[in-house]
Amino acid sequence: MDILKVENLSKNFGGLQVLEGISFNVEAGEKLAIIGPNGAGKTTLLNLIGGQLAASGGKIFLDGKQISSLSPDSHLHRGIARSYQINNLFFHLSVLDNILLALYGAEKFHFHMFRSLEMRKDLLIEAQRLLETMGLWERRWDNLNTLSYGDQRLMELALALASKPKMVLLDEPSAGLPTAEAASFANTIRKLSTNTTLIFCAHDMDLVFNLADQIMVLYFGKILAKGLPQDIRANKKVQEIYLGTEETS
Numbered sequence: 150m151d152i153l154k155v156e157n158l159s160k161n162f163g164g165l166q167v168l169e170g171i172s173f174n175v176e177a178g179e180k181l182a183i184i185g186p187n188g189a190g191k192t193t194l195l196n197l198i199g200g201q202l203a204a205s206g207g208k209i210f211l212d213g214k215q216i217s218s219l220s221p222d223s224h225l226h227r228g229i230a231r232s233y234q235i236n237n238l239f240f241h242l243s244v245l246d247n248i249l250l251a252l253y254g255a256e257k258f259h260f261h262m263f264r265s266l267e268m269r270k271d272l273l274i275e276a277q278r279l280l281e282t283m284g285l286w287e288r289r290w291d292n293l294n295t296l297s298y299g300d301q302r303l304m305e306l307a308l309a310l311a312s313k314p315k316m317v318l319l320d321e322p323s324a325g326l327p328t329a330e331a332a333s334f335a336n337t338i339r340k341l342s343t344n345t346t347l348i349f350c351a352h353d354m355d356l357v358f359n360l361a362d363q364i365m366v367l368y369f370g371k372i373l374a375k376g377l378p379q380d381i382r383a384n385k386k387v388q389e390i391y392l393g394t395e396e397t398s
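Numbering-wise (my numbering), the sequence shown opens with residue 150 and increments by one.
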């Protein structure tokens, strides 16, 4: 069953056409990787799906309901979460405090600012579950700024999952990670619930081919190919313009 449907999506900035005629579906629970050369429109596409940008044309449907013109907050409440950027984390607070704040903020009724957390055992239980999934429960009392860069990326993912989303959007989740940490990150993502749909952009081909169920290749703002990892790897056009090339960022 499709959870996301994109129809003839386009985006331009003034006279610059970044995306044109983008149409694809994503099944519930699927892990879709979006790859392509720099400037292909990968991040722009994520921003359109997440509501950070408004489309110039086309439609986006989540569970059959059009969300193209909704705000990022509305997208979040409908079940689309975007990974936090590291510079938005609270580095002076503990790992546990960060996740509790995210859980509290994700609630529909989160205006009881002075309600004691001792009365919210459910939040503590969920915080433990998320941090154990990320392998960070033993670090719960540590300030966030003491974590390695890889563990900080895992915290981004944990915070995105705090809202219990149907779909998570990740932009370059393994960027800057050493090979070993990138592999560990991929293993953690594989442990996520099969009910959580994942769409991610990445330059890390090891991550892409080891994690994705489907791969979509963008080239100059259009879809060049979409299919199973083995089909994308064997695609001659993809090999010519992308696979095996070194990207600078």
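C-beta atoms are modelled at their ideal positions from N, C-alpha and C, and glycine is treated no differently. Because the structure is a prediction, the values reported are computed rather than measured.
Alpha-carbon to alpha-carbon, residue j and residue i
i      : j      : result
Pro186 : Ala230 : 25 Å
Leu165 : Gly206 : 14 Å
Gln379 : Lys270 : 46 Å
Leu326 : Ser297 : 10 Å
Met150 : Ala251 : 30 Å
Residue i: first and last residue of the uninterrupted alpha helix (DSSP H) it sits in
i      : result
Lys313 : Unbroken run through Lys313: none, as it is neither H nor E.
Ile216 : Neither: Ile216 is in no alpha helix (DSSP H) and is coded neither H nor E.
Pro231 : Before going on, a small fix: residue 231 reads as Arg here, not Pro. No alpha helix (DSSP H) holds Arg231; the beta strand (DSSP E) holding it covers 229-231.
Ala335 : 328-339
Which of helix, strand or coil DSSP assigns to residue i
i      : result
Lys371 : strand
Asn157 : strand
Phe240 : coil
Asp362 : coil
Leu319 : strand
Gln166 : strand
Asn292 : strand
Bounding residues of the beta strand (DSSP E) (the contiguous stretch that carries residue i)
i      : result
Leu211 : 206-211
Sequence-distant residues of the same chain with beta carbon closer than 6 Å to residue i, five excluded per side
i      : result
Ser323 : Ala331, Phe334, Asp353, Leu356
Ser159 : Leu168, Glu169, Ser205, Gly206, Gly207
Cβ-based neighbour list, residue i, same chain, cut-off 8 Å, excluding 5 preceding and 5 following
i      : result
Leu303 : Met283, Gly284, Leu285, Phe334, Thr337
Lys386 : Leu373, Ala374
Ser243 : Arg289, Trp290, Asp291, Asn292, Leu293
Asn174 : Asp151, Leu153, Lys154, Val155
Tyr368 : Gly185, Pro186, Ala189, Ile390, Tyr391
Cutoff 7 Å; reference residue i; Cβ partners in own chain excluding five residues on either side
i      : result
Ala311 : Ile248, Ala251, Leu252, Ala255, Leu279
For the 8 Å Cβ check, are there 3 or more pairs between the segment 176-184 and the segment 338-357? yes
With contact counted as at least three CB pairs below 8 Å, one residue from each stretch, are the segment 194-212 and the segment 302-318 in contact? yes
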